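One structure is given here, and the rest of the page talks about it.
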Ligand SMILES: [Zn+2]
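Numbering (the working numbering), first residue to last: 6 to 169.
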């Protein structure tokens, strides 16, 4: 178990594309455990491997109602439908949140830590987090989706809907 430091914007690793995982070995299992610990300690809802300085296609997500995080290995979005405005934050860009456009719902696939294929249809917060985390492993940040600087807001007392 380890809580890892979260890399902050504008660190260049957040702008790099992470590499596919070919073998879910002991080192990947440890990485999954460490990312889950780091996410739970952060108070966020999702974490991508780039954010802890590792260029591998691995994300972990924990919805507020979940007892523990779920790991998605080599996740990809295979279908997106609709558009909606959401408020979003990022553990790598602390102190800010922004209004951006995300999909109404998505279909995604990937593998779990036991190498089983996972296919999911997600809407609402889960859909938003999956899009945010898969952006991370492609080197994209939510601020890239802002329509204008005025859509980026410094956090005061208001809590962002999603920080990942
Ligand atoms: Zn993020």
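Glycine included, every Cβ here is placed at the ideal spot set by N, Cα and C.
Keep in mind that this is a model prediction, so the values were computed, not measured.
Per DSSP, the unbroken alpha helix (DSSP H) holding residue 131 starts and ends at 129-142. Taken in chain order, the whole beta strand (DSSP E) runs of length 3 or more contained in the region 65-140 are 75-86, 89-93, 101-107, 110-116, 122-128. Residue 107 is classed as buried because its beta carbon has at least 16 other beta carbons within 10 Å across all chains shown. Residue environment analysis places residue 74 among the buried positions, since at least 16 neighbouring C-beta atoms fall within 10 angstroms of its C-beta. In terms of CA proximity to residue 81, 140 leads the group 156, 140, 89. For residue 137, the shortest C-beta to heavy atom distance toward ligand 1 is below 7 Å. Assigned with DSSP and collapsed to three states, residue 159 falls in strand. Boundaries for residue 151: no beta strand (DSSP E) harbours it, and the DSSP string shows neither H nor E there. Within the region 20-59, the complete beta strand (DSSP E) runs of at least 3 residues fall at 51-53. According to DSSP, residue 168 shares a beta bridge with 94.
By the Cβ-count criterion, residue 62 is buried, with 16 or more other Cβ atoms from all chains shown falling within 10 Å of its own Cβ. The beta carbon of residue 42 is closer than 7 Å to those of 6, 7, 8 in its chain, skipping five residues each way along the sequence.
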